[in-house]
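As structure tokens, the structure follows; a few thoughts come after it.
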Amino acid sequence: MSAPVCAVFTIFGGTGDLARRKVLPALYALHRAGKTGEQCLVLGVARETALGDDGYRQLVTDALAKGGVPAADARAWADHYVWYQTIDDGGPEDYAAIGDKIRGIERERKLPGNRVFYLAIPPAAFASTVEGLGEAKLNTSPGWTRLVIEKPFGRDLASARELNALVHRWFQESQIYRIDHYLGKETVQNLLVFRFSNAVFESLWNRDHVDSVQITVAEDIGIGSRAGYYEQAGVVRDIIQNHATQLLALVAMEVPAAFDADAIRSEKIKALRQVGLIDTHEIVLGQYGAGMVDNAPVAGYRDEPGVARDSRTPTFAALKVEVDSWRWQGVPFYLRAGKRMARRLTEIVVHFRRAPVWLFEHSGGRDLRSNVLRLTIQPDEGFALYFNAKAPGQPMDLERLPLDFNYKEQFAELPEAYQTLLLEVLDGDQTLFVHADEVETAWALYAPVLDGRQRIIPYEAGTWGPYEANDLLQREGNHWFYH
Numbered sequence: 018m019s020a021p022v023c024a025v026f027t028i029f030g031g032t033g034d035l036a037r038r039k040v041l042p043a044l045y046a047l048h049r050a051g052k053t054g055e056q057c058l059v060l061g062v063a064r065e066t067a068l069g070d071d072g073y074r075q076l077v078t079d080a081l082a083k084g085g086v087p088a089a090d091a092r093a094w095a096d097h098y099v100w101y102q103t104i105d106d107g108g109p110e111d112y113a114a115i116g117d118k119i120r121g122i123e124r125e126r127k128l129p130g131n132r133v134f135y136l137a138i139p140p141a142a143f144a145s146t147v148e149g150l151g152e153a154k155l156n157t158s159p160g161w162t163r164l165v166i167e168k169p170f171g172r173d174l175a176s177a178r179e180l181n182a183l184v185h186r187w188f189q190e191s192q193i194y195r196i197d198h199y200l201g202k203e204t205v206q207n208l209l210v211f212r213f214s215n216a217v218f219e220s221l222w223n224r225d226h227v228d229s230v231q232i233t234v235a236e237d238i239g240i241g242s243r244a245g246y247y248e249q250a251g252v253v254r255d256i257i258q259n260h261a262t263q264l265l266a267l268v269a270m271e272v273p274a275a276f277d278a279d280a281i282r283s284e285k286i287k288a289l290r291q292v293g294l295i296d297t298h299e300i301v302l303g304q305y306g307a308g309m310v311d312n313a314p315v316a317g318y319r320d321e322p323g324v325a326r327d328s329r330t331p332t333f334a335a336l337k338v339e340v341d342s343w344r345w346q347g348v349p350f351y352l353r354a355g356k357r358m359a360r361r362l363t364e365i366v367v368h369f370r371r372a373p374v375w376l377f378e379h380s381g382g383r384d385l386r387s388n389v390l391r392l393t394i395q396p397d398e399g400f401a402l403y404f405n406a407k408a409p410g411q412p413m414d415l416e417r418l419p420l421d422f423n424y425k426e427q428f429a430e431l432p433e434a435y436q437t438l439l440l441e442v443l444d445g446d447q448t449l450f451v452h453a454d455e456v457e458t459a460w461a462l463y464a465p466v467l468d469g470r471q472r473i474i475p476y477e478a479g480t481w482g483p484y485e486a487n488d489l490l491q492r493e494g495n496h497w498f499y500h
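All letters in the sequence shown, in the order written, are residues 18 to 500 by my numbering.
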């Protein structure tokens, strides 16, 4: 950053799980790393009436200590940088009090009036909170004002448009930062560098050399205590429409005119608009049943607390999309996401076309014929290029070997995604955030998946989903990449 940040960072939902686990630790880490200067201050806003400044500072201290921060260091930071304001029913007087609190902090610390409003609250409260900020004239300030909104942004195209219209009534698009935390991961950011700074890969990044692309976002956990949210969302709204689609856009986009927010987001939107209508026969939806994860038995989705016993909410989705562009015409993109799968894994796998003539028919199976580029987003961030090599000795046996790079082996410490994203908010860089047009375009893509009429196929927890997800690829001679 060019200069220390002087701002009041207001967290709506300041006592909630997201604030305690992600937002507050990220702000503390940025401070400790010297990224935010001495005048980046935090105001927690929540409904707890008995807290006050001191009570909230203790809550912050406990949250940071739970994450491994020494309690004395956490308390010292909280005492100097953290305040609290109660919000009651969200009426005009509540937002007036919030404005008074912010202005009081700014006067005390002689700040220029830069403000961030972070909505770490349930989606149902987004609209009323934005409305409250706007009507209290907190959408403007003596300095700059920025609004941070967590996913999900809407639950379908109609609701996304409605929410965009409301937000744009009070905030300009240049003020809005829609967070998808996947975009803060180092490998996702490095995908742009990987593509556009290495001519050897960008020259191969097209239909002439790429056979297919796979994007997997797999979780080994169930829904935990999130049944109230997940029953209304399901895997398409929770993962496919945002995380997986952002990865799709980064893979499929054209070279931007410049490495800046406007140019990059413009190319992402263009790529998503080139995705053809999804065929309902190219969609597989599933729901996990009982099974084994990490050698321990786990319950099925319908046996999770708060889930209806006849629930048809999908916890797994696999689908094929095609990008109707000059670069990607005819190349299938396979998206897969699910809960209670074999292991936690997010990756992009690019299968290159096989050599036109295969000289080694008796020296290995079909899998050895094509090179594969694997970009792992989590848990072990890095890249691997799989190529064929001769194994020592006779006869002529080939093996697939990786030429790989692992971030943890090269760099002592990787910033957590929220640290990266919050620093970009404070710095005013929207490159890693989702534009309104991206949101609406993504929702429009998945209308055929959201109508609730698709068959829901059961699958055993601890597996890679329904067998029909394999058929989705095998009918075109492809297969999921396992390793």
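All C-beta atoms, glycine included, are put in the ideal place defined by N, C-alpha and C.
A95 and T66 have their C-alpha atoms spaced approximately 19 Å apart. Of the candidates K154, A261, F213, A261 places its Cα closest to the Cα of A235. The C-beta distance from W100 to D79 rounds to 17 Å, too long to fall under 8 Å, and the pair is not in contact. Setting aside the 5 residues that flank it on each side, R360 is surrounded in the same chain by D237, each with a C-beta closer than 6 Å to its C-beta; the list follows chain order.
The beta carbon of V210 is closer than 7 Å to none in its chain, skipping five residues each way along the sequence.
When the beta-carbon positions are compared, D197 and Q263 come within less than 7 Å of each other.
In this structure the stretch 106–118 lies against the stretch 146–166, because at least three pairs of beta carbons, one per stretch, are closer than 8 Å. Cβ neighbours of T393 within its own chain (closer than 7 Å, five residues either side excluded): T204, E364, G399. Collapsing the DSSP output to three states places L155 in coil. Pairing D446 with I257, the inter-Cα distance amounts to about 25 Å.
Secondary structure note for Q231: its beta strand (DSSP E) is the uninterrupted segment 227–235.
Contact annotation: L164 and W460 have beta-carbon atoms that are not nearer than 7 Å.
Within the DSSP bridge table, the entry for V367 names V230, L390 as partners. One alpha carbon belongs to Q192, the other to W343, and they sit about 34 Å apart.
Where Y424 is concerned, there is no enclosing beta strand (DSSP E), although the alpha helix (DSSP H) around it starts and stops at 424–427.
Per the Cβ contact rule, the stretch 267–279 is not in contact with the stretch 315–334 (fewer than 3 Cβ pairs under 8 Å).
Using a 10 angstroms sphere on the CB of Y484, the tally of other CB atoms stays under 16, which defines it as exposed.
For D106, the three-state secondary structure derived from DSSP is coil.
One thing to note: V253 has its Cβ no nearer than 7 Å to the Cβ of T332. DSSP links A63 through a beta bridge to T103. For D454, the CB contacts under 6 Å within the same chain, skipping 5 residues up- and downstream, are I286 in chain order.
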